[in-house]
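Chemist: Heads up, the sequence shown is in the numbering used here, so the first residue is 7 and it goes up one at a time.
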Amino acid sequence: MGRKKIQITRIMDERNRQVTFTKRKFGLMKKAYELSVLCDCEIALIIFNSSNKLFQYASTDMDKVLLKYTEYNEPHESRTNSDIVEVFLERVKIKGERTTKDPQPLQSTVNITLQ
7 MGRKKIQITR IMDERNRQVT FTKRKFGLMK KAYELSVLCD CEIALIIFNS SNKLFQYAST
67 DMDKVLLKYT EYNEPHESRT NSDIVEVFLE RVKIKGERTT KDPQPLQSTV NITLQ
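1) With a Cβ-Cβ cutoff of 7 Å, do residue 17 and residue 26 count as a contact?
2) Rounded to a whole number of angstroms, what is the C-alpha to C-alpha distance between residue 40 and residue 19?
3) Unbroken alpha helix (DSSP H) runs of length 4 or more, entirely within the segment 44-95: which are they?
4) Taking contact to mean 3 or more Cβ pairs, one atom from each stretch, closer than 8 Å, check whether the segment 57-74 and the segment 85-95 are in contact.
5) Using 7 Å as the threshold, is the C-beta distance between residue 42 and residue 53 below it?
6) What does residue 12 pair with, by DSSP beta-bridge criteria?
7) Here's a check: name, in chain order, each residue in its chain whose Cβ is nearer than 6 Å to the Cβ of residue 44, leaving out the five neighbours to either side.
Here's what the structure looks like:
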């Protein structure tokens, strides 16, 4: 049984937003841990909530990872929310083109709104 698709927009109800933040923060930190173990990589994750409270996860020493980041001068991959939305919309467009050739409906769609 699949999960209900949600719209990716700001949650207006404060309590629901806080519950969602707490659950997803834990899930994100768990994924960061798993990625660091499975792929033997260093991860530094920094989160500020809407009240400016700091949450952080580091697979090794946070200061060492941040120092490595500030001293890194090579080209690297960097993403923002806009980049992620653009990639998602491009994939949806490509899936849409495929479905015009193939009558099967799209399996999943997510609405994303930039604010």
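The beta-carbon is built from N, C-alpha and C at its ideal position, and this holds for glycine as well.
All values derive from a computational prediction rather than experimental measurement.
Modeler: On the basis of the data shown:
1) Cβ atoms of residue 17 and residue 26: closer than 7 Å.
2) Straight-line Cα distance between these residues: approximately 31 Å.
3) Segments of the alpha helix (DSSP H) lying fully in the segment 44-95: 68-77.
4) By the criterion of at least three beta-carbon pairs nearer than 8 Å, the segment 57-74 is not in contact with the segment 85-95.
5) In this structure, residue 53 does not lie closer than 7 Å to residue 42 by Cβ.
6) Looking at the DSSP output, residue 12 sits in no beta bridge, so it has no partner there.
7) Nothing listed; no residue qualifies.
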